[in-house]
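Notes to accompany the following structure.
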Amino acid sequence: MSKIVELLAKFDEIVSNPKKRLDDYTAQGKKTIGCLPVYCPEEIVYAADMVPFGIWGAEMEVSQSKKYFPAFICSILQTSLEMGLKGDLDKLSGVMIPILCDSLKCMGQNWKLGVPNVEFIPVIHPQNRKLEAGVEFLTSQYNKIKNKLEEISGNKITDEKLQNAIDVYNEHRAVMREFVVTAAEYPHLITPAQRSAVIKSGYFIEKPEHTKLVKELIEECKAQPQKEWDGLKVVTTGIIADSPSILKIFEDHKIAIVADDIAHESRQFRTDIPACGNPMEALARQLSVMEGCSVLYDPDKKRGEMIVDQAKKYDADGVVVLMTKFCDPEEYDYPIMKKQFDQNNIPSIMIEIDQQMQNYEQARTMVQTFADMLGN
Amino acid sequence: MIKNSDTDKSQKGGMGKMSEQKPVKAKYLLRDIIGKHYKDAWDAKERGEKVGWCASNFPQEICETLGVPVVYPENQAAAIAAKGAGQTMCEHSEQNGYSNDICAYARISLAYADIKECKEMDMPQPDFILCCNNICNQMIKWYENIAKELNVPMILIDIPYNTEFEASDDRAKYIRAQFDHAIEQLEEITGKTFSQERFEEVMEISQKAARAWLKATEYTKYEPSPLNGFDLFNHMAVIVCARGKQEAVDAFELLAKEYEEAVKKGTSTYRGEQKHRVLFEGIACWPYLRHKLTTLMNHNINMVGTVYGDTFGIVYNNVDEMMKAYSYVANCISFERALKMRVDVVNRTNCDGAIIHTNRSCKQWSGFMYELERRLREETGIPTVTFDGDQADPRNFSEAQYDTRVQGLLEVMEANKKGGNQ
Numbered sequence: 000m001s002k003i004v005e006l007l008a009k010f011d012e013i014v015s016n017p018k019k020r021l022d023d024y025t026a027q028g029k030k031t032i033g034c035l036p037v038y039c040p041e042e043i044v045y046a047a048d049m050v051p052f053g054i055w056g057a058e059m060e061v062s063q064s065k066k067y068f069p070a071f072i073c074s075i076l077q078t079s080l081e082m083g084l085k086g087d088l089d090k091l092s093g094v095m096i097p098i099l100c101d102s103l104k105c106m107g108q109n110w111k112l113g114v115p116n117v118e119f120i121p122v123i124h125p126q127n128r129k130l131e132a133g134v135e136f137l138t139s140q141y142n143k144i145k146n147k148l149e150e151i152s153g154n155k156i157t158d159e160k161l162q163n164a165i166d167v168y169n170e171h172r173a174v175m176r177e178f179v180v181t182a183a184e185y186p187h188l189i190t191p192a193q194r195s196a197v198i199k200s201g202y203f204i205e206k207p208e209h210t211k212l213v214k215e216l217i218e219e220c221k222a223q224p225q226k227e228w229d230g231l232k233v234v235t236t237g238i239i240a241d242s243p244s245i246l247k248i249f250e251d252h253k254i255a256i257v258a259d260d261i262a263h264e265s266r267q268f269r270t271d272i273p274a275c276g277n278p279m280e281a282l283a284r285q286l287s288v289m290e291g292c293s294v295l296y297d298p299d300k301k302r303g304e305m306i307v308d309q310a311k312k313y314d315a316d317g318v319v320v321l322m323t324k325f326c327d328p329e330e331y332d333y334p335i336m337k338k339q340f341d342q343n344n345i346p347s348i349m350i351e352i353d354q355q356m357q358n359y360e361q362a363r364t365m366v367q368t369f370a371d372m373l374g375n
Numbered sequence: 000m001i002k003n004s005d006t007d008k009s010q011k012g013g014m015g016k017m018s019e020q021k022p023v024k025a026k027y028l029l030r031d032i033i034g035k036h037y038k039d040a041w042d043a044k045e046r047g048e049k050v051g052w053c054a055s056n057f058p059q060e061i062c063e064t065l066g067v068p069v070v071y072p073e074n075q076a077a078a079i080a081a082k083g084a085g086q087t088m089c090e091h092s093e094q095n096g097y098s099n100d101i102c103a104y105a106r107i108s109l110a111y112a113d114i115k116e117c118k119e120m121d122m123p124q125p126d127f128i129l130c131c132n133n134i135c136n137q138m139i140k141w142y143e144n145i146a147k148e149l150n151v152p153m154i155l156i157d158i159p160y161n162t163e164f165e166a167s168d169d170r171a172k173y174i175r176a177q178f179d180h181a182i183e184q185l186e187e188i189t190g191k192t193f194s195q196e197r198f199e200e201v202m203e204i205s206q207k208a209a210r211a212w213l214k215a216t217e218y219t220k221y222e223p224s225p226l227n228g229f230d231l232f233n234h235m236a237v238i239v240c241a242r243g244k245q246e247a248v249d250a251f252e253l254l255a256k257e258y259e260e261a262v263k264k265g266t267s268t269y270r271g272e273q274k275h276r277v278l279f280e281g282i283a284c285w286p287y288l289r290h291k292l293t294t295l296m297n298h299n300i301n302m303v304g305t306v307y308g309d310t311f312g313i314v315y316n317n318v319d320e321m322m323k324a325y326s327y328v329a330n331c332i333s334f335e336r337a338l339k340m341r342v343d344v345v346n347r348t349n350c351d352g353a354i355i356h357t358n359r360s361c362k363q364w365s366g367f368m369y370e371l372e373r374r375l376r377e378e379t380g381i382p383t384v385t386f387d388g389d390q391a392d393p394r395n396f397s398e399a400q401y402d403t404r405v406q407g408l409l410e411v412m413e414a415n416k417k418g419g420n421q
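So the protein lines, in turn, are chains A and B. Position 354, counted from 1, in the first sequence is what numbering that gives the first Met the number 0 calls 353; the numbers after and before it change by one each time, with no gaps. Position 369, counted from 1, in the second sequence is what numbering that gives the first Met the number 0 calls 368; the numbers after and before it change by one each time, with no gaps.
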């Protein structure tokens with residue numbers, strides 16, 4: 000048990016001060032590349048012997064980013080740009096920014112203009128990702144990124160190194176999937192906030208180290224007896240679920256997260272890089288087999304059904320939609336998903352999340368009401 | 000200016016009355032094209048033919064070549080908003096769970112797909128939908144939902160946002176593959192056959208239409224401009240829905256001729272003295288077009304600069320160039336290219352100032368506008384103002400703020416003139 004406490008404390012320490020990790024890696028002579036939402040080919044960074052560093056905003060107020068962004072751009076990007084403009088991310092050797100939503104497209108341009116000292120590396124994903132032409136296009140784009148990262152790192156990215164990176168990352172994905180299941184089985188040992196810290200810390204340390212720590216945690220948990228959970232079980236869905244206030248509200252109401260469809264969490268590791276002869280092509284093919292994400296084209300809108308399946312599989316009492324304010328891809332998905340939850344008699348609520356928000360009383364009331372309703 | 004009488008005729012496709020005695024004016028030809036466009040779609044629907052909903056910057060060459068009738072939700076939403084039903088329709092979608100953060104065109108269109116009628120502008124429900132995201136990615140999400148709710152097939156031509164100045168070959172290749180795939184899909188859905196001969200013909204007509212459009216819109220460079228710039232907001236509907244049609248070529252060529260005549264005579268569709276010339280940046284605020292124009296006219300300001308000229312001037316010499324051309328529309332290009340577009344327009348049309356619309360409905364267009372505004376001022380020396388508005392949701396526009404900002408710009412433009420600053 001004490002080992003569990005110790006490990007959880009380690010994850011917490013990492014997420015409490017991500018900047019320290021950035022400073023440490025830099026001091027060690029390692030180069031870091033920032034990775035913005037939603038999907039970046041971290042494997043290529045890893046294969047270049049650099050450290051991918053996740054940038055998904057922070058809980059803070061913004062002032063400088065207002066010179067670039069109007070108010071109706073999401074806080075994840077506002078706060079990320081703010082950190083860039085203030086110089087907090089100057090140690091990065093580059094930053095990868097995708098074009099997966101309209102705000103991200105503008106983020107790349109604003110970063111290029113406002114933070115010219117940290118090189119902007121565009122990540123251009125095809126939305127027609129299932130067409131062979133889409134896979135070819137993405138392979139070509141990833142090769143351009145590869146060239147850029149070789150230039151920045153001074154290291155050659157061979158197919159062997161890339162394949163090794165894919166293996167390392169697929170192992171990490173498998174371990175993270177196992178962790179999510181473990182956290183669902185041991186909610187009495189791992190609070191929502193701790194669950195979040197385990198996942199989030201993976202953005203700030205190298206994957207092999209993170210895999211090792213998470214494996215240890217899983218083993219330690221499994222050595223403990225399972226207990227009947229007398230609280231509620233939910234599936235979360237949304238872009239990000241790391242708000243300490245929201246996670247505390249869940250804990251206060253004995254709500255355990257038994258599965259998630261969170262872009263920052265399971266959407267990163269629920270789909271392995273498929274096996275394929277050529278490692279760069281394999282990397283590109285992953286996008287073609289990913290499903291259920293608001294920023295990946297899907298005229299069948301499978302996301303809602305996928306969440307319903309998760310809720311049934313993990314015996315969830317309901318779904319909590321964590322709506323990142325100003326996130327239009329998520330806003331479009333919501334009414335369709337809500338219908339599907341209702342049709343399957345799965346209770347759900349939607350809570351607005353904003354990294355610039357300070358007052359969570361409304362969220363608390365909503366969760367309270369939801370918990371009361373589910374408890375009856 | 001869209002008037003009720005005009006639109007009543009064009010709603011269910013009544014052809015405009017054309018005088019036999021007087022020479023035909025371009026604006027009537029243009030109005031008739033819109034009328035015919037909707038009528039043809041309704042007629043096709045009645046005949047049992049499949050009709051599509053299509054994105055404004057989707058390669059219309061495909062539909063035109065196949066002879067597949069399509070209508071344009073963006074045109075419809077603009078018309079609905081212009082006629083005062085924007086808020087009602089938006090609220091309907093909001094009641095259905097849609098956030099008021101999403102594009103107002105989308106909210107209006109999703110409401111229409113649900114209610115299936117709107118007296119301000121009706122059009123047939125779709126049997127398939129054609130999406131292209133070169134203007135924004137909200138198009139994908141909007142159309143996904145239409146496809147799902149109405150259970151119709153969706154065809155997407157993904158034109159990835161271009162972070163480089165020029166469109167690279169791998170982009171052109173990807174776009175081309177999707178173009179070809181879209182043709183296959185549409186042939187299967189409609190049973191029609193793509194003819195290479197007809198395609199060549201359509202490309203030729205489209206080029207003529209694009210060039211005629213560019214020629215007509217270029218007349219704003221004259222001092223005084225022979226046209227009230229706001230006229231272009233109305234004419235735009237035609238370049239969206241008919242740029243593959245000979246009628247559009249004829250209408251725009253006639254329009255250009257009329258402007259040529261006007262330049263010679265020194266006349267203009269702008270009433271009053273044109274003391275100041277401005278770039279009007281952004282989509283029109285359709286519910287408030289009259290107010291916005293009135294304010295400008297009260298101050299003797301004419302809009303002479305807009306990116307709508309270039310963005311719909313989709314010119315190419317062959318299919319490969321066409322692929323790249325569709326990726327050079329205003330919202331698909333890098334900051335540098337976007338800035339150059341505005342600087343060129345300002346210089347070409349000799350603008351004294353710029354009015355920039357921060358459009359609540361359009362993150363893509365507004366997302367790097369602040370820096371673009373600063374750089375535009377730096378590179379051209381002209382004063383600029385922004386105002387908060389919305390293309391179709393009337394709740395996001397304040398007449399008072401707009402008037403105050405325009406007043407502010409006016410004062411600087413007047414001072415510049417007096418002081419000889421340029």
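Positions of the beta carbon are idealized from the N, C-alpha and C atoms, including for glycine. Note that the structure is a prediction, hence the values are computed from the model and not measured.
Does residue i come within less than 7 Å of chain A when only Cβ atoms are used?
i        : result
Asp389/B : no
Asn95/B  : yes
Leu408/B : no
Met0/B   : Only weak support exists for where Met0/B lies, its pLDDT of 39 falling under 50; the value from the coordinates is given anyway. Cβ-Cβ to chain A under 7 Å: no for Met0/B.
Thr403/B : no
Tyr111/B : no
Gln59/B  : no
Tyr369/B : yes
Gln400/B : no
Tyr325/B : no
Pro382/B : no
Tyr104/B : no
Going by Cα to Cα distance, which pick from the options is closest to residue i?
i        : options                                   : result
Lys253/A : Glu304/A, Val320/A and Tyr185/A           : Tyr185/A
Ile363/B : Tyr160/B, Cys89/B and Ala25/B             : Before going further, note that residue 363/B is Gln rather than Ile in the sequence given. For the residues Tyr160/B, Cys89/B and Ala25/B, the minimum Cα distance to Gln363/B belongs to Tyr160/B.
Ala240/A : Ile204/A, Asp371/A and Glu264/A           : Glu264/A
Asn146/A : Ala47/A, Arg269/A and Asp101/A            : Ala47/A
Asn132/B : Glu90/B, Val344/B and Gln177/B            : Gln177/B
Arg270/B : Glu398/B, Tyr401/B, Met368/B and Pro225/B : Pro225/B
Quick check on residue i - is its C-beta less than 7 Å from some C-beta in chain B?
i        : result
Ser102/A : yes
Asn116/A : no
Ile348/A : no
Asn146/A : no
Ser64/A  : no
Lys337/A : yes
Glu330/A : yes
Gln108/A : yes
Ser139/A : yes
Under DSSP, the beta strand (DSSP E) around residue i begins and ends at which residues?
i        : result
Phe127/B : Phe127 to Cys131
Cys53/B  : Gly51 to Cys53
Val174/A : Looking at the DSSP string, Val174/A is not in any beta strand (DSSP E); the run it does join, the alpha helix (DSSP H), is Asp158 to Glu184.
Ser347/A : Ser347 to Ile352
Phe268/A : Run containing Phe268/A: none in the beta strand (DSSP E); it sits in the alpha helix (DSSP H), Ser265 to Phe268.
Pro97/A  : Gly93 to Pro97
Cys34/A  : Thr31 to Cys34
Looking at the unbroken alpha helix (DSSP H) that takes in residue i, where does it start and where does it end?
i        : result
Asp260/A : Run containing Asp260/A: none in the alpha helix (DSSP H); it sits in the beta strand (DSSP E), Ile254 to Ile261.
Gly374/A : Glu360 to Gly374
Phe279/B : No alpha helix (DSSP H) holds Phe279/B; the beta strand (DSSP E) holding it covers His275 to Glu280.
Gly85/B  : Gly85 to Gln94
Problem set entry | Ordered list of alpha helix (DSSP H) runs contained in the region 140 to 203 of chain B, each at least 4 residues | 168 to 189
For this session: Report yes or no: do the region 215 to 224 of chain A and the region 325 to 332 of chain A share at least 3 C-beta pairs separated by less than 8 Å?
Result: no
For this session: Just list the beta strand (DSSP E) runs in the region 314 to 384 of chain B, keeping only unbroken ones of 3 residues or longer that don't cross its boundaries, in chain order.
Result: 352 to 358
For this session: Could you tell me whether the region 112 to 125 of chain B touches the region 43 to 61 of chain B, where touching means 3 or more Cβ pairs closer than 8 Å?
Result: yes
Exercise. Taking three-plus beta-carbon pairs below 8 Å as touching, is the region 136 to 147 of chain B in contact with the region 161 to 172 of chain B?
Worked result: no
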